[in-house]
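Under the numbering used here, the residue at position 236 of the sequence shown is numbered 236, and the numbers go up by one with no gaps.
By construction, the Cβ of each residue, glycine as well, lies at the ideal position given by its N, Cα and C atoms.
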Amino acid sequence: MPNVMRREEIAFLLYDFLDLENLGSRPRYAEAGRDVYDAILESVERIAEDKFEPHAAKVDANEPTFDGETVSIIPDVKEALDSFSEAGLMGVSFDEAYGGLQLPYLLNTAISAWFGAANTGTHGYAGLTMAAGNLLAEHGDQEQKEIYLKPMIEGRYFGTMALSEPHAGSSVGDIRTRAEPQDDGRYRLFGNKMWISGADHEMSENIINLVLAKIPGGPPGVKGISLFIVPRYLIEADGSRGERNDIKLAGLNHKMGNRGTVNCVLNLGESGGAVGYLVGEPHKGLAQMFSMMNEMRIGVGLSAAATGYTGYLHALAYARDRTQGRPLTNRDPSSPMIPIIRHADVRRMLMQQKAYAEGAMALCFFAARLFDEAASGDGEAAEEADALLEMLTPIVKSWPSEFGLRTNESAVQVFGGAGYTRDYPVERLYRDNRLNHIHEGTRGIQGLDLLGRKVPMEGGKAFRLLMKKISETVAEASNSDDLRESAQALEKWSQLAAETTASMGAKAGQVDPETYLANATIYLDMLGHVVVGWLWLKQAQAALKAIETGGAAGDAYYDGKIKACQYFFRYEMPVIESQCALLVSMDRTCLEMDEAGF
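Written out as structure tokens, the structure is:
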């Protein structure tokens with residue numbers, strides 16, 4: 001069985017493509033360097049291979065159970081998470097003041113990719129905890145950080161977020177959970193939450209639920225939402241664990257994939273009200289929660305990319321080992337069969353997987369670099385990074401979720417009939433990845449967010465910045481004989497995307513909002529392809545430079561990057577031509593269909 005992740009790929013993305021070492025010049029990261037990063041990554045690889053990957057199939061076949069009192073999970077999951085915490089990995093990007101290592105978020109992204117590829121279900125508990133911790137670090141007061149954040153970084157407490165409700169789903173403004181203020185400054189919460197990952201288990205001392213609720217008398221809709229810390233167990237004045245809070249598990253949701261992360265239905269306030277502690281100001285909860293939601297959206301994209309990538313590695317290893325058939329030019333049935341990687345269509349499928357999976361990984365790592373630039377830089381560069389990250393977040397969540405899944409689908413096809421069996425991991429990886437379409441806002445919601453809010457924000461400032469950055473890369477790459485064809489293609493397709501966006505913007509005031517946003521998901525895919533094409537060209541530039549300087553991965557690896565870039569522009573990018581034509585037409589076919597006709 002191949003390794004779940006390729007060392008060369010991680011090193012290329014961190015050092016050749018995104019220049020992680022350059023972040024060391026920032027005061028926040030000044031005490032670390034490549035020797036520290038590499039030592040951490042070596043430990044990560046060992047823990048992922050030894051503790052996470054071996055039970056991935058086992059926890060899929062033996063998902064968490066609930067007997068009415070206790071959630072039971074195979075012990076391998078806790079053992080793996082204990083190893084994760086003991087290695088200090090929960091606190092990689094947190095401030096040293098709270099027990100973190102204060103290292104770049106880009107490094108943390110590489111770590112998460114490795115564990116997500118090894119076992120996305122088990123790693124989900126850590127990912128949720130770190131995202132919840134980041135929210136508290138940004139919006140919690142000092143007392144809340146001392147009580148809750150430090151134990152989360154230590155891995156003693158786990159964290160999760162509770163947004164959705166059975167009747168509301170993605171319509172967060174319609175939540176009914178209420179938070180009644182008490183004389184002692186605390187709140188009592190009453191309501192129900194649905195689809196809450198990691199909200200009940202016995203693997204940590206406590207679970208810190210970040211819950212959205214409405215304070216009676218507040219504004220209607222999203223403007224009346226507040227955010228509360230609702231711990232599973234209350235904390236005594238001396239820091240010890242107190243009594244069980246009034247938050248009860250009503251049942252488990254049984255998913256098609258990602259089964260290792262327990263998914264819960266929660267009831268709050270069955271016995272007098274769940275004690276909650278307000279985070280920040282009243283009625284500002286959704287804005288505060290978005291800091292966690294956006295991190296989780298990038299995390300979902302990364303999970304999809306890593307799951308697609310490890311599926312590709314399994315398909316590649318199988319194609320090199322599995323012999324079947326003979327060359328089309330050889331009709332001698334007595335001649336030896338050949339590895340299936342020598343068949344043209346298998347090579348096409350592998351190339352597509354490589355282009356999608358490595359493109360998705362580059363997209364997620366690039367978003368992490370933007371996060372570091374925005375957080376640790378200053379002046380115009382930090383502002384630009386923040387604007388780009390905000391606009392690209394819907395793409396970072398959705399493009400890997402769509403095309404990482406297609407990677408897993410193609411991996412199953414490479415295995416043939418064996419791919420549909422549990423003898424190999426690719427069918428499980430496909431099922432795991434299918435959930436990422438739904439996690440943290442559906443693909444359709446991301447399309448609405450991108451076209452309806454992110455592209456037009458501040459008069460299209462971030463979109464114009466993106467086009468400017470793409471034009472700069474085109475100009476640089478056009479000077480290279482090896483990259484000129486791809487650069488010219490990117491110039492053509494990015495200009496078409498810009499023209500389409502401008503045309504749609506000009507028509508926005510002439511049509512109703514439903515017409516303007518009817519095909520927002522198609523816009524999401526179209527612009528996603530342009531962004532990933534841009535990052536493929538930047539990867540090819542980095543690979544060419546590595547060849548010239550004798551990079552450690554070897555010329556064959558770097559040449560593979562350049563060939564995959566060529567493939568993406570020749571095979572994948574032309575699809576946006578028909579997408580742009582449809583978008584500009586403001587087509588209403590789906591809107592005009594009579595409901596009875598469906």
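Taking its Cβ as the centre, do 16 or more other Cβ atoms sit within 10 Å of residue i, making it buried, or is it exposed?
{"i": "K545", "result": "exposed"}
{"i": "D76", "result": "buried"}
{"i": "R443", "result": "buried"}
{"i": "G550", "result": "exposed"}
{"i": "R6", "result": "buried"}
{"i": "S486", "result": "buried"}
{"i": "Q182", "result": "exposed"}
{"i": "M289", "result": "buried"}
{"i": "H649", "result": "In the structure as shown, the chain begins at 1 and stops at 598. Residue 649 is therefore absent and cannot be evaluated."}
{"i": "H603", "result": "Examination of residue 603 is not possible in this model, given that the chain is present from 1 through 598 alone."}
{"i": "G173", "result": "exposed"}
{"i": "N479", "result": "exposed"}
{"i": "S93", "result": "buried"}
{"i": "H314", "result": "buried"}
{"i": "E611", "result": "This structure gives no information on residue 611, because the portion of the chain shown stretches from 1 to 598."}
{"i": "T501", "result": "buried"}
{"i": "A48", "result": "buried"}
{"i": "L328", "result": "exposed"}
Give the straight-line distance between the Cα atoms of residue i and residue j, rounded to the nearest whole angstrom.
{"i": "M573", "j": "Q352", "result": "12 Å"}
{"i": "G127", "j": "S112", "result": "8 Å"}
{"i": "D67", "j": "C264", "result": "13 Å"}
{"i": "L405", "j": "L350", "result": "14 Å"}
{"i": "T65", "j": "G24", "result": "45 Å"}
{"i": "T122", "j": "R322", "result": "31 Å"}
{"i": "I196", "j": "F12", "result": "36 Å"}
{"i": "G460", "j": "G505", "result": "10 Å"}
{"i": "Y430", "j": "A497", "result": "31 Å"}
{"i": "V414", "j": "A564", "result": "18 Å"}
{"i": "G441", "j": "R297", "result": "8 Å"}
{"i": "E390", "j": "L466", "result": "12 Å"}
{"i": "L106", "j": "E595", "result": "47 Å"}
{"i": "V511", "j": "A317", "result": "52 Å"}
{"i": "A306", "j": "A117", "result": "5 Å"}
{"i": "K469", "j": "G217", "result": "47 Å"}
{"i": "L163", "j": "N267", "result": "13 Å"}
{"i": "P513", "j": "E458", "result": "19 Å"}
{"i": "A61", "j": "V262", "result": "13 Å"}
{"i": "N436", "j": "K255", "result": "12 Å"}
{"i": "V211", "j": "M161", "result": "6 Å"}
Would you please verify whether the beta carbon of residue i is less than 8 Å from any beta carbon of chain C?
{"i": "T177", "result": "Among the chains of the structure shown, chain C does not appear; only one protein chain is present."}
Kindly indicate which residue of the options has the alpha-carbon position closest to the one of residue i.
{"i": "A542", "options": "G528, V530, H529, Y557", "result": "Y557"}
{"i": "A250", "options": "P166, A304, S240", "result": "P166"}
{"i": "Y233", "options": "V172, N192, F158, L286", "result": "F158"}
{"i": "Q102", "options": "V59, R34, A30", "result": "A30"}
{"i": "V44", "options": "T109, N330, G99", "result": "T109"}
{"i": "L370", "options": "A315, E295, F598", "result": "E295"}
{"i": "R428", "options": "A411, T177, I438", "result": "A411"}
{"i": "A368", "options": "K397, I341, I207, H343", "result": "K397"}
{"i": "Y356", "options": "D60, V511, S335, L535", "result": "L535"}
{"i": "K78", "options": "N119, G217, A508, G299", "result": "N119"}
{"i": "D345", "options": "I470, A319, S376, R331", "result": "A319"}
{"i": "R46", "options": "A489, P219, E8, V4", "result": "V4"}
{"i": "D238", "options": "A552, I147, E358", "result": "I147"}
{"i": "G301", "options": "P339, R347, L363", "result": "L363"}
{"i": "G221", "options": "L252, S171, G554", "result": "S171"}
{"i": "E358", "options": "I562, E69, A387", "result": "I562"}
{"i": "E491", "options": "E143, E476, D481, A508", "result": "E476"}
{"i": "Q446", "options": "D423, A387, Y523", "result": "Y523"}
{"i": "N433", "options": "S494, G299, S503", "result": "G299"}
{"i": "V426", "options": "S271, F568, G257", "result": "G257"}
{"i": "S494", "options": "A518, D482, N22, L537", "result": "L537"}
With respect to 7 Å, is the separation between the Cβ of residue i and the closest non-hydrogen atom of the ligand COA below this value?
{"i": "R244", "result": "This structure simply doesn't include the ligand COA, nor any ligand for that matter."}
Entirely within the region 126 to 169 and at least 4 residues each: give me those alpha helix (DSSP H) ranges in chain order. 150 to 154
Note down, one range per segment and in chain order, each alpha helix (DSSP H) of at least 4 residues found wholly within the region 261 to 330. 285 to 321
Taking only runs of the alpha helix (DSSP H) that begin and end inside the region 407 to 465, which ones reach a length of at least 4 residues, in chain order? 426 to 434, 443 to 449
Evaluate contact between the region 182 to 202 and the region 212 to 230, counting only Cβ atoms and requiring at least three cross-stretch pairs below 8 Å. yes
Is the region 265 to 284 touching the region 439 to 454 in the sense that three or more CB pairs, one from each, lie closer than 8 Å? no
At what residue ranges does the region 27 to 74 contain a whole run of the alpha helix (DSSP H), taking only runs of 4 or more? 34 to 47, 56 to 61
At a cut of 8 Å, does the region 589 to 597 reach the region 523 to 531 through at least three beta carbon pairs? no
Are the region 310 to 318 and the region 280 to 291 in contact at 8 Å, needing three or more beta carbon pairs? no
Check whether the region 384 to 404 and the region 417 to 428 touch, using three or more Cβ-Cβ pairs below 8 Å as the test. no
Three CB pairs or more closer than 8 Å across the region 144 to 157 and the region 196 to 205: yes
Please give the ranges of any alpha helix (DSSP H) in the region 510 to 539, keeping only runs that are unbroken, at least 4 residues long and fully inside the region. 513 to 517
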